[in-house]
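Residue numbers (the numbering used here): 1456 to 1596.
Glycine residues also receive a C-beta, built at the ideal position from the N, C-alpha and C atoms.
Reading through the structure tokens given below for one structure.
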């Protein structure tokens, strides 16, 4: 018997892993690869968000590296979160804070208050979930 109580994985952890592992990681890697390999079927993803392409394409290799590193970070965070690692909690919070900063900057640069404001609200909700006592207890290992 362990002197440490067993903490079950709280439901928000499953949500974060799904978001990170299946969405953020996949999107970061697919967009990075599509920039690295222009003229392939992957170019179709840019039809969903041409503004993102216009922002990333001029950055060249820097954008590719950035997106692939972002995908690696979100993948690592997902795996660490499943295991209740404290570093994964901090990495997840850091990614979300950077996301908010980017959305707020975009609000004022592109004057797209509705779309970016909605993004900020979603990320604030995720940060709220991460701050819940049951979630924080899971990462005290």
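Close-in-space but distant-in-sequence residues of the same chain around residue i (CB under 6 Å, 5 per side omitted)
i            : result
residue 1473 : none
residue 1587 : none
residue 1558 : 1571, 1574, 1575
residue 1501 : 1508
residue 1579 : none
Rounded distance between the beta-carbons of residue j and residue i, thought under 8 Å
i            : j            : result
residue 1532 : residue 1475 : 5 Å
residue 1484 : residue 1523 : 6 Å
residue 1593 : residue 1468 : 6 Å
Rounded separation between residue i and residue j - CA only
i            : j            : result
residue 1495 : residue 1589 : 45 Å
residue 1465 : residue 1512 : 39 Å
residue 1573 : residue 1542 : 28 Å
residue 1516 : residue 1492 : 11 Å
residue 1509 : residue 1577 : 24 Å
residue 1545 : residue 1480 : 17 Å
residue 1505 : residue 1463 : 42 Å
residue 1482 : residue 1561 : 19 Å
residue 1526 : residue 1503 : 19 Å
Beta-carbon proximity check, residue i vs residue j, cutoff 8 Å
i            : j            : result
residue 1552 : residue 1529 : no
residue 1518 : residue 1537 : no
residue 1547 : residue 1471 : yes
Chain-order list of residues whose beta-carbon lies under 7 Å from that of residue i (same chain, five-residue window excluded)
i            : result
residue 1497 : 1485, 1488, 1489
residue 1567 : 1561
Own chain, CB closer than 8 Å to residue i, minus 5 neighbours either side, in chain order
i            : result
residue 1514 : 1521
Sequence ranges, alpha helix (DSSP H) only - wholly within the region 1475-1539, length at least 4: 1480-1491, 1505-1511, 1516-1537
In chain order, which continuous runs of the alpha helix (DSSP H) of length 4 or greater are located wholly inside the region 1537-1571? 1541-1565
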